[in-house]
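Participant:
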Amino acid sequence: MDCSEDDCGRSAVVELHIPWDDNRLVCAAHARVLGRQDGVVADPLPDSADDLLE
Ligand SMILES: [Zn+2]
Numbered sequence: 117m118d119c120s121e122d123d124c125g126r127s128a129v130v131e132l133h134i135p136w137d138d139n140r141l142v143c144a145a146h147a148r149v150l151g152r153q154d155g156v157v158a159d160p161l162p163d164s165a166d167d168l169l170e
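For the sequence shown, the working numbering assigns the number 117 to the initial residue and increments by one for each residue that follows.
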């Protein structure tokens, strides 16, 4: 599963729960950026724990 952000080909490792939008599956880098917004919860995908350790 690839990151849902445009022009990003990295693997999605985090599910973002966004109160004002649909949930998104994103890579670690985008999770860091998008997860800073108020109310957003970043939920690491269980299958991807290894990728988060890079
Ligand atoms: Zn990304």
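For glycine and all other residues, C-beta sits at the position ideal for the given N, C-alpha and C.
With which residues is residue 140 paired in a DSSP beta bridge?
Facilitator: Bridge partners of residue 140: 132.
Participant: What residue range is occupied by the uninterrupted beta strand (DSSP E) comprising residue 163?
Facilitator: From DSSP, residue 163 is part of no beta strand (DSSP E); its letter is neither H nor E.
Participant: From the DSSP secondary-structure annotation, give me the bridge partner or partners of residue 127.
Facilitator: Bridge partners of residue 127: 118.
Participant: Name the DSSP beta bridge partners of residue 157, please?
Facilitator: Its beta-bridge partners are 133.
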